[in-house]
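Visitor: Have a look at this one before I ask anything.
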Amino acid sequence: MVQNRWTVFEYLKSRTLATGHVPDRKELELEFGGLDPEEIEGGIQEFSHRLGSWINDHEIMRGDTYASSC
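If you read the sequence shown in the working numbering, its first letter stands for residue 1, the second for the next number, and so on.
Here is the structure:
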């Protein structure tokens with residue numbers, strides 16, 4: 001399976017819907033370790049764009065983990 005920014009976007013979407021929490025950057029880097037960092041960033045940006053301002057304050061944009069923000 002080819003992985004790219006859309007794979008990252010779909011992962012973000014499905015994990016958020018399943019858990020109610022947006023995966024942090026560390027989780028994405030572990031999940032997509034072999035993927036070009038620009039593709040990971042592209043997936044994050046697309047996800048952020050589609051969610052609008054809600055995501056701007058979320059931990060994924062700061063690189064924090066969910067647990068550390070609680």
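Even for Gly, the Cβ is constructed at its ideal location relative to N, Cα and C.
Apply the 10 Å Cβ neighbour rule to Thr19 and answer buried if 16 or more other Cβ atoms are within range, or exposed otherwise.
Guide: Exposed, by the Cβ-count rule.
Visitor: Buried or exposed for Pro37, please, with buried defined as at least 16 other CB atoms from any protein chain shown within 10 angstroms of its CB.
Guide: Result: exposed.
Visitor: Which term fits Arg50, buried or exposed, when burial requires 16 or more other beta carbons within 10 angstroms of its beta carbon?
Guide: So Arg50 ends up on the exposed side.
Visitor: How about Gly43 and Leu17: are their beta carbons less than 8 Å apart?
Guide: No, these two residues do not count as a Cβ contact at 8 Å.
Visitor: Alpha carbon to alpha carbon, how far is Arg5 from Arg15?
Guide: Cα to Cα, Arg5 sits roughly 15 Å from Arg15.
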